[in-house]
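Residue numbers 41 to 544, in this note's numbering, belong to the letters of the sequence shown in order.
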Amino acid sequence: MTPVTLDRLWSEEALRERVRALLGPRKLIVVSNREPYMHVENAGDLTLIRPASGVTTALDPVLRACGGTWIAHGAGSGDRETADAQGHLAVPPDRPAYTLRRVWLTKEEEAGYYYGFANEALWPLCHVAYTRPVFRREDWEHYAAVNAKFASAVVEEAGDAPAFVFLQDYHFALLPRLLRQALPNALIAQFWHIPWPNPEAFRICPWKHEILDGLLGNHLLAFHIQYQCNNFIDTVDREIEARPDRERFAISYGQSLTYLRPVPISVDFASLEARGEAPETAALQERLHRRHRLQGKAVALGVDRLDYTKGIPERLRAVDRFLGRHPRFRERFVLLQIAAPSRIHIPEYKRISQEVATLVDEINWRYKTDRWSPIVYINEHLPSDIVAAYYRLADVCLVTSLHDGMNLVAKEFVANRSDRRGVLILSRFTGSSREMEEALLVNPYDVDGMADALAIAFDMSVGEQERRMDRLRSRVREFNVFRWAGTLIEEALRLAPGDRGSGA
Ligand code: GDG
């Protein structure tokens, strides 16, 4: 089955209009772990932060246009001070258009639900990256309790109105079932941002049946690509008494029917392109060029959350092999690796952080000269205007995930490059590789293959770079993040049974 397509270019305005018309009287409720607006308290001062993510970019404009409520964990140190007693806050704070409902979690709940079950059990379970999931009963209990807490918040926010509830990600596998029971008039859809593994990988989860039962509370469950949908249907087929309907691409389970659809997420192409072309970006680029002494160098770039699924050690080993085999690149090559710290309380993340730092040291030691080190390691979260300048100055962008639901860095890089230059090296094990065949596709486990790809990329003619970049860019322009949100909401409303009161 191919992803649902529409025959015009989606923009923020088109999305607003379309969704407003589609929703009719339904109240829109979005649920995600991370909030779109966070307040941080620092020495008595309150700062508003907009945690950057594709989901916020896509859904904030929809809520601003249609109104509604976004429910999320209030994780900022200034969040309580800036919300009312029920956790409500009108956002955006300078031009209120919708309601943010912050859900408060205790430290134990956050440790068990977020760091524990979501990120030490489900994250490694769903990514085939050979990191073993950790299953702890107390984490599971917190996960279930936090899902129930969010369910109460959704029920309160929905009131008696017919609602369209759009859930985000693997933090809420139990929520759809709870909502299906509590809100029979609601339409429930969920987007699973990470891969769904095959049945052999999934079967080790002690609470696999509860998770499947929970997810089958959705009317629509969407993944990035068809393969992940297929894995889900195979898992259900293997594990529980449900009837997959491969014609309609749905699962019927008890009284309920859940449609599955691939809807690949994307980026805000127009904004990223404009940012790439902005004079401020050019100025930043100049500064970075001087600071890292890039004159006359072949420049490779990595931009990642520091996560063991992103294949950062594999990439570093490929650079080592590349320099070993192509001495002509010594003193003529630099890898700029941005690695934003992530989930730092989890032991596996401490370990990967150590491994990456050690490898960078070893490789730099092996090749460095008085004037040059091959790897510049930037182990911090940079502002997005600086990331844009890095995208603009790279000759090659390296995305080498061992497994990735989609991967937005690949799409951000090509959206940025209206100069039509640059080569994308992209892991075959990302969802984005399905739409980005003009990239140099690599297997990150094959160090030699990746070293070869680096040599091919740096030797690629300008004409060939432009040809590939044009195709990549036209696809990401068309399949942008507004299309993702619009398609998903449109599909949910189209597939939903006419009488929302039936609960079917
Ligand atoms: C999950 C799925 C799926 C990184 N460092 C900095 C920074 N970033 C930004 C990138 C990009 C984002 O973080 C990472 O997005 P990815 O898609 O690569 O990966 P995950 O965070 O794992 O996201 C993934 C995604 O959900 C959406 O569905 O694509 O497969 O795993 O936007 O630019 N941004 C800034 N500074 C940094 O240092 N500002």
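Positions of the beta carbon are idealized from the N, C-alpha and C atoms, including for glycine.
Candidates the options: which alpha carbon is nearest residue i's?
i, options, result
"A137", "G152, K248 and P101", "P101"
"R120", "L145, L99 and P132", "L145"
"G107", "D486, K408 and R141", "R141"
"R515", "F309, E149 and Q295", "F309"
"N187", "F204, V143 and L422", "V143"
"A54", "A525, F498 and L255", "A525"
"G152", "P133, V174 and C166", "V174"
"D401", "R330, Y430, R357 and L86", "R357"
"Q335", "I305, R345 and F373", "F373"
"G66", "S306, I228 and S458", "In the sequence under discussion, the amino acid at residue 66 is Arg, which differs from the Gly named in the question. Selected option, being the one with the closest Cα: I228."
"A203", "W110, Q126 and E279", "W110"
"G118", "G84, I69 and E148", "G84"
"H421", "M500, Q394 and R345", "R345"
"Y183", "A130, G254, C166 and T122", "G254"
"A322", "L433, P216, H332 and W247", "L433"
"I89", "E75, A98 and D200", "E75"
Can you name, in chain order, every residue of its own chain whose Cβ lies under 6 Å from the Cβ of residue i, other than the five neighbours on each side?
i, result
"L494", "F362"
"R283", "S292"
"A340", "L375, V436 and L438"
"Y389", "R383"
"R513", "V454"
"H385", "Y155"
"D124", "none"
"G445", "H233, I234, P235, H264 and G471"
"R511", "E478"
Give the secondary structure of residue i by DSSP, where H, G and I count as helix, E and B as strand, and everything else as coil.
i, result
"R177", "helix"
"I273", "helix"
"D85", "strand"
"V400", "helix"
"S311", "helix"
"R540", "With a pLDDT of 44 at R540, under the threshold of 50, the modelled position of this residue cannot be trusted, and the question is left open."
"V95", "helix"
"L442", "coil"
"P522", "Per the sequence shown, the amino acid found at residue 522 is Phe instead of Pro. Helix."
"C166", "helix"
"F231", "strand"
"C106", "helix"
"L297", "strand"
"S473", "helix"
"V463", "strand"
"G156", "helix"
"S501", "coil"
"H128", "strand"
"A379", "strand"
"K67", "strand"
"D510", "helix"
"F289", "coil"
"T343", "According to the sequence provided, residue 343 is Val. The question's Thr does not apply to it. V343: strand per DSSP, three-state reduction."
"V186", "helix"
"M41", "Summary for M41: the model assigns pLDDT 43, below 50, so the residue's position carries little reliability; its value from the coordinates is reported in the next sentence. Here M41 sits in coil by DSSP."
"L46", "Low per-residue confidence applies at L46: pLDDT is 47, beneath 50, and the placement is therefore not dependable enough to give any value."
"H259", "coil"
"R135", "coil"
"Y417", "strand"
Who are the near neighbours of residue i in its chain, counting only those whose CB is closer than 7 Å to its CB and skipping five residues on each side?
i, result
"N447", "V439, S441, T470, G471 and S472"
"R95", "The amino acid occupying residue 95 in the given sequence is Val; Arg does not appear at that position. Cβ neighbours of V95 beyond the five flanking positions: S72 and Q208."
"R370", "L363 and Y407"
"A169", "Y348, T349, L442 and H443"
"G489", "V482 and N483"
"A491", "A358, R361, F362 and R365"
"L399", "P353 and L356"
"P43", "Annotation note: pLDDT 44 at P43 (below 50); position unreliable, coordinate value reported separately. Hits under 7 Å: P302, V303 and P304."
"A497", "V436, V463, I465 and L480"
"A290", "L297, T298, Y299 and L300"
"T409", "E371"
"V276", "L252, A282, P284 and I291"
Residue i CB to nearest chain B CB: under 9 Å?
i, result
"D179", "Going by chain labels, chain B is absent from the structure shown, which holds only one protein chain."
Please work out which residues of its chain come closer than 8 Å, Cβ to Cβ, to residue i, disregarding the five sequence neighbours upstream and downstream, and give them in chain order.
i, result
"L62", "I529, E530 and L533"
"A338", "F369, R372, F373, V374, D435, V436 and F498"
Discussion item. With three or more beta-carbon pairs closer than 8 Å as the criterion, would you say the segment 316–336 touches the segment 462–481?
Written reply: With a cut-off of 8 Å, the segment 462–481 and the segment 316–336 do not count as touching, because too few Cβ pairs lie within range.
Worksheet item: Quick check: the segment 255–273 against the segment 233–247, are there 3 or more CB pairs under 8 Å?
Response: yes
Worksheet entry | Cβ pair count under 8 Å reaching 3, the segment 189–196 against the segment 256–269 | No: the two stretches stay apart, fewer than three of their Cβ pairs being nearer than 8 Å.
Worksheet item: Counting pairs of beta carbons, one from the segment 154–164 and one from the segment 204–223, are three or more of them closer than 8 Å?
Response: yes
Item to complete: Please determine if the segment 473–488 and the segment 397–417 are in contact, where contact requires at least 3 C-beta pairs separated by less than 8 Å.
Response: no
Worksheet item: Any chance the segment 147–159 sits against the segment 175–182, with 3 or more Cβ pairs inside 8 Å?
Response: yes
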